[in-house]
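Counting in my numbering, the sequence shown runs from 50 upward without gaps.
Think of the CB as a built atom: it goes at the ideal place given N, C-alpha and C, for glycine as much as any other residue.
Please read these numbers as outputs of a predicted model, since none were measured by experiment.
Have a look at the structure below, then the notes.
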Amino acid sequence: MSTNKRLIEISGKLRVPPGSKVNLAKDFDTGFIDPSVARKDSDELLRESVAQLAEYQARLAAQETYGVLLVLQAIDAGGKDGTIRHVMSGVNPQGVVVHSFKVPSSEELAHDYLWRYAQRLPARGQIGIFNRSHYEEVLVVRVHRELLERQKLPPKTHGANVWKRRYTEINNWERYLVDNGIRVVKVLLNLSREQQRTRFLARIDDPEKNWKFSPSDIAERAYWDDYQRAFSEMLSNTSTKWAPWHVIGADHKWFARIAVSAALVQALAEIDPQYPEVDPDVRNGLQDAKSLLESEAPKGARPDPVK
Ligand code: ATP
Ligand code: MG
């Protein structure tokens, strides 16, 4: 089977069927490894999938019709940064824009909640990556309700139905993006509580990793069950036909990286971007330019050293 087909099959297995009711802890294994991928072949497979992404990205950029938005969500230490570094390692940096969303600024809070995300969308021809995303608006904001109070919403709009409404609004927004050529690829890196503990300890024990650790990570960890519930609700309500979620077990970083690149390859294969056809007039012009350049060959040089 071709690498492309293998990756597309892997990605298909990770997709959350639209309309399904998800219980993250019960339905998904954080240590999942697709049986078709052996550890010893995994470096090679990642290399090949990175090469495919590079080829697709070159076509996507040349065609300038579609954009791709990769939405990456995870609990702290889920491996978002490392995944981005590995998966995008082969693509032309000019064609990729990464944005990390943090606590919103006062300017951002003065706008509607999707405003800051809309400003960072990829252009046609680009792959955009949201390191955390508009989904924080139904994750951290749901777990810490006081954050919602800071959003200056009109009264009556932040009652009990606020989350259902946000799911609908997000689904509609993504529908609009997809209908207008911006493909949305959503990935949740699903880490176990025990792996999070281990990774935090590694950040504490290794002085070169200390900078990655923040005491607030421990405070957030105390909300583990609330996050699991918020993830499950998010997956149940926002995995749509036009923008399905992929849940990727994150305990094995090597597999998670392959799986994320598989989800991207699958989306790009569906877009199937093509280099633009040069129209006949332009092509004739190319021949004239070629003749001129050949006539300028210095003595002894071949008229066209490339051919
Ligand atoms: P790292 O893995 O390096 O820690 P990070 O994505 O966790 O990266 P941080 O600077 O540690 O980056 O944290 C960003 C913080 O911003 C997170 O705690 C997240 O919950 C918070 N945040 C993101 N979006 C929102 C939002 N819409 N409202 C409130 N807080 C948000
Ligand atoms: Mg953090």
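Nearest to residue i (by Cα), restricted to the options the options
| i | options | result |
| --- | --- | --- |
| Q358 | G139, E218 and G131 | Residue 358 is absent from the structure shown; the chain starts at 50 and stops at 356. |
| W291 | R194, W222 and L250 | W222 |
| T114 | D90, Y276, Q336 and N229 | N229 |
| D83 | A308, R351 and Q143 | A308 |
| W303 | R64, V65, I57 and S98 | S98 |
| V341 | G349, D353, D330 and L284 | It is Leu, not Val, that sits at residue 341 in the sequence shown. For the residues G349, D353, D330 and L284, the minimum Cα distance to L341 belongs to D353. |
| D300 | F77, Q175, R64 and K70 | F77 |
| L95 | E343, K339, S310 and E345 | S310 |
| S182 | I57, G116, R306 and I124 | I124 |
| K54 | A318, R173 and K339 | A318 |
| L196 | E157, N72 and R232 | E157 |
| R88 | A350, H160 and R306 | R306 |
| L119 | A111, A126, A110 and T132 | T132 |
| G127 | E58, K75 and F262 | F262 |
| I320 | Y276, R173 and Y166 | R173 |
| G144 | Q168, H135, F150 and I176 | I176 |
| A271 | P256, V189 and L163 | V189 |
| W212 | V227, Y162 and V65 | Y162 |
| E58 | V136, L313 and Q122 | L313 |
| P264 | S281, E104, D330 and R252 | R252 |
| Q245 | K129, L109 and L63 | K129 |
Burial state of residue i (16 or more Cβ within 10 Å)
| i | result |
| --- | --- |
| V327 | exposed |
| I219 | buried |
| M50 | exposed |
| W294 | buried |
| N239 | buried |
| S46 | There is no way to answer for residue 46, as the model of the chain reaches only from 50 to 356. |
| R332 | exposed |
| N210 | exposed |
| L202 | exposed |
| A268 | exposed |
| E185 | buried |
| P204 | exposed |
| E243 | exposed |
| S288 | buried |
| Q315 | buried |
| Y225 | exposed |
| K339 | exposed |
| N259 | exposed |
| K20 | This structure cannot speak to residue 20, because the chain is shown only from 50 to 356. |
| D217 | Just to set this straight, residue 217 is Thr in the shown sequence, not Asp. The residue is exposed, with fewer than 16 neighbouring Cβ atoms inside 10 Å. |
| G349 | exposed |
Span of the beta strand (DSSP E), counted from its first residue to its last, around residue i
| i | result |
| --- | --- |
| W222 | Looking at the DSSP string, W222 is not in any beta strand (DSSP E); the run it does join, the alpha helix (DSSP H), is V211 to D228. |
| L237 | I231 to N239 |
| L202 | Neither: L202 is in no beta strand (DSSP E) and is coded neither H nor E. |
| V117 | G116 to A123 |
| V296 | W294 to G298 |
Limits of the alpha helix (DSSP H) - the one that residue i falls within
| i | result |
| --- | --- |
| F249 | R242 to D254 |
| W273 | W273 to T287 |
| D266 | P264 to R270 |
| G46 | Only positions 50 to 356 of the chain appear in the structure, and residue 46 is not among them; the question remains open. |
| F304 | K302 to I320 |
| N333 | P329 to S344 |
Can you list, in chain order, every residue whose CB sits closer than 7 angstroms to a heavy atom of the ligand MG? D125, S263 and D266
Continuous alpha helix (DSSP H) assignments of at least 4 residues falling wholly in the stretch 130-209: 155-158, 164-167, 189-192 and 195-198
Alpha helix (DSSP H) runs contained entirely in the stretch 51-113, provided each spans 4 or more residues: 52-63, 73-76 and 88-112
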